[in-house]
Amino acid sequence: MRLRNITGSREMIAESDRCMETPRDMPGRWREYFGNDHPVYVEIGMGKGRFLTDNARAYPDINYVGIEKYSSVLLRGIQKLEEEPLENIALIRMEAEYITDVFAENEVGRIYLNFSDPWPKDRHAKRRLPSHEFLKRYEKILVPGGLVEFKTDNRDLFDFAVEEARTSLWEMPVLTYDLHADEDLMRDNIMTEYEERFSSIGNPICKYVIRSPK
Ligand code: SAH
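Residue numbers (this note's numbering): 242 to 455.
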């Protein structure tokens with residue numbers, strides 16, 4: 242998602258006490274930051290932050306960290322937090338490939354990938370967020386047995402993601418090619434902005450949950 246460059250969005254992010262810029266001084270300090278020892282769940286590519294804020298409201302005993310690379314998009318998340326100051330949310334403007342610079346080993350309980358960029362060209366496969374390269378990074382920061390949850394309507398990206406997980410040591414406790422037709426999985430499903438948009442035009446939503454082998 243790319244919005245027109247909103248003037249001053251970088252400056253607004255710098256001024257916000259809810260948002261950090263690739264905070265390399267944070268590994269090992271997230272519990273201190275939130276002031277409790279609740280689990281830390283991370284959404285990579287949070288967009289405008291609807292999924293993150295809906296989760297944070299529903300589960301006050303979980304701390305949520307949203308990562309987004311575009312400041313113009315992230316700004317909407319900051320504005321949401323100004324309207325509804327949820328204490329269990331932190332936002333980071335950064336490129337996800339540096340995620341191991343920002344979280345220590347075993348510091349993250351769960352990672353959400355929602356409607357990640359497809360990077361359709363073969364030579365860009367390593368940039369896809371469910372690729373082997375990224376799974377290795379996630380394994381490092383996740384607690385033993387920690388989960389990655391991925392939703393998308395992009396079948397090519399999803400097939401790639403399933404193949405990457407199956408050719409690694411991750412287990413896959415959940416796999417569906419039509420999430421919205423699955424009553425059990427829908428019971429606690431929290432919709433993202435893209436999920437709302439693409440399911441409303443009839444696209445099936447694919448989802449997997451994979452468990453870190455560590
Ligand atoms: N998760 C939201 C938005 C999906 S669009 C939803 O489901 O509604 C994907 C978002 O991920 C975009 O906002 C894009 O800027 C962000 N993104 C993609 N690759 C990223 C990366 N490598 N690091 C950080 N953010 C990324």
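Glycine is no exception: its CB is placed at the ideal position from the N, C-alpha and C atoms.
Item                                                                                                                                                       : Value
Heavy atom of the ligand SAH less than 8 Å from the Cβ of Phe344, yes or no?                                                                               : no
Could you tell me the distance, in whole angstroms, from the CA atom of Gly276 to the CA atom of Arg270?                                                   : 10 Å
Check whether the segment 314-323 touches the segment 381-392, taking contact to mean three or more Cβ pairs, one atom from each stretch, closer than 8 Å. : no
If you check the beta carbons only, do Thr341 and Arg291 fall under 9 Å apart?                                                                             : no
Of all the alpha helix (DSSP H) runs that stay within the bounds of the segment 378-427, which reach a length of 4 or more residues?                       : 396-407 and 424-427
Find the nearest neighbour of Glu256 within the set Ile431, Ser357, Phe399 and Ser312, judged by alpha-carbon distance.                                    : Ser312
Closer than 8 Å to a non-hydrogen atom of the ligand SAH - does that hold for the CB of Met261?                                                            : no
So, Tyr418 versus Gly288, is the Cβ gap smaller than 9 Å?                                                                                                  : no
Use the C-beta contact count for Ala422: other C-beta atoms within 10 angstroms, 16 or more gives buried, fewer gives exposed.                             : exposed
Within the present structure, is the beta-carbon of Ile442 separated from the nearest heavy atom of the ligand SAH by less than 8 Å?                       : no
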